[in-house]
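Enquirer: With this note's numbering applied, the sequence shown corresponds to residues 243 to 496, in that order.
Built from N, CA and C at the ideal position, the CB exists for glycine as well.
The model shown is predicted, which means the values in this text are computed figures rather than measured ones.
Questions regarding the structure given below will be posed in turn.
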Amino acid sequence: MGRLDNKVALITGIGGGMGRQAALTFAREGAKIIGCDLYEDGANETVRLVREAGGEIVNFAPVDLSNAEATAKWVEAAIAVHGQADILYNNASTPKFGDVQDLSIEDWNFVINNELNLVFYAVKAIWPHFMKNGGVVLNIGSIAGTRGVEFMSQNAHGTAKGGVISLTQQLAAEGAKYGIRAVCVSPGFIVTPSTAWLVESGPEPFKKNIARIPLGRVGQPDDIVNAALFLASDEASWITGINLVVDGGGTVLG
Ligand SMILES: NC(=O)c1ccc[n+]([C@@H]2O[C@H](COP(=O)([O-])OP(=O)(O)OC[C@H]3O[C@@H](n4cnc5c(N)ncnc54)[C@H](O)[C@@H]3O)[C@@H](O)[C@H]2O)c1
243 MGRLDNKVAL ITGIGGGMGR QAALTFAREG AKIIGCDLYE DGANETVRLV
293 REAGGEIVNF APVDLSNAEA TAKWVEAAIA VHGQADILYN NASTPKFGDV
343 QDLSIEDWNF VINNELNLVF YAVKAIWPHF MKNGGVVLNI GSIAGTRGVE
393 FMSQNAHGTA KGGVISLTQQ LAAEGAKYGI RAVCVSPGFI VTPSTAWLVE
443 SGPEPFKKNI ARIPLGRVGQ PDDIVNAALF LASDEASWIT GINLVVDGGG
493 TVLG
């Protein structure tokens, strides 16, 4: 018995990092995965790994989720595969960083589009289906969404992730009467292909920050996906609107 048996899970950004791990774990727990990514190569490799492990997955990459129309088409096609969709796992995002005085307006808008708007586009596309059948929206926020830091110019990124966290609360409020739950997992620092370099050669204040994580290590994709698995499953059927911080305790230190 898997914890997600008979569920269909749409997962964005399966091309690597936590999205790939989400596809592997959710498939292992019995979910049928419908994935997408901006890039085909990474997504195809995830498909190979999931099938090799005995899981079920269909991949629609390339899809640019920052384009509302493309996202709506993907969601429609994804639901059509099994005539069903139970979980929307909004993992994909592309950040950009820069000090306020340096970040261009184009880059600001890019981040809002590629970290916040893409979540709303996917939610809006699946919402009518979820209104009929119920469902779970699982968003990936970030500890950047609720605090500022001195070691990274995350003004746009933090704003977008703060938006994802508050959007989750409102989706929970609006969705409950339709049997829709909305939950957010906010990772601390997780080692993925996009962030691994920071551990080796990140700036000193960043290294200091991760060195004082109370649980004594940086995070791995599994740390996030295991939390997401619980929240997406029926075990969490009375949980909605939360922002679960998974960060080894890093943010409790202030
Ligand atoms: N790694 C961390 O330390 C960390 C910390 C906090 C939050 N997060 C969040 O966790 C999630 C996954 O992070 P990760 O480190 O695995 O990222 P990643 O960059 O390794 O993977 C993100 C995937 O999303 C895809 N993607 C990005 N924009 C897209 C778009 N417009 N359309 C379709 N696909 C798109 C990318 O191609 C990539 O495969 C993200 O939402 C990220 O903001 C990460």
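So, F268 versus L291, is the Cβ gap smaller than 8 Å?
Expert: It is not a contact, given that the beta carbons lie outside the stated cut-off.
Enquirer: Please state the DSSP three-state secondary structure of T437.
Expert: Three-state result, T437: coil.
Enquirer: Mind checking who Y420 pairs with in its DSSP beta bridge?
Expert: Bridge partners of Y420: none, in fact.
Enquirer: So K249 and D328 are supposed to be a Cβ contact under 8 Å. How far apart are they, rounded?
Expert: The pair is a contact, with the Cβ atoms about 4 Å apart (cut-off 8 Å).
Enquirer: Do L380 and V425 have their CB atoms nearer than 8 Å?
Expert: Yes, the Cβ-Cβ distance between L380 and V425 is below 8 Å.
Enquirer: What are the residues that DSSP puts in a beta bridge with G277?
Expert: Bridge partners of G277: I253, N301.
Enquirer: Could you give the C-beta distance for Y420 and F372, rounded to a whole number, given that I count them as a contact under 8 Å?
Expert: Contact holds; Cβ gap of about 6 Å.
Enquirer: With the cut-off set at 8 Å, would you say V427 and I466 are in Cβ contact?
Expert: Their beta carbons are under 8 Å apart, which means V427 touches I466 by this criterion.
Enquirer: Going by beta carbon distance, what residues of the same chain come within less than 7 Å of Q462, once the five residues before and after it are set aside?
Expert: Answer for Q462: I432, V433, listed in chain order.
Enquirer: Taking buried to mean at least 16 other C-beta atoms within 10 Å of its own C-beta, is E294 buried or exposed?
Expert: Exposed, by the Cβ-count rule.
Enquirer: Please indicate yes or no: does the CB of Y281 lie closer than 7 Å to some heavy atom of ligand 1?
Expert: Checking the Cβ of Y281 against ligand 1 gives yes.
Enquirer: Go ahead and pull the three-state DSSP assignment for P456.
Expert: Coil, per DSSP.
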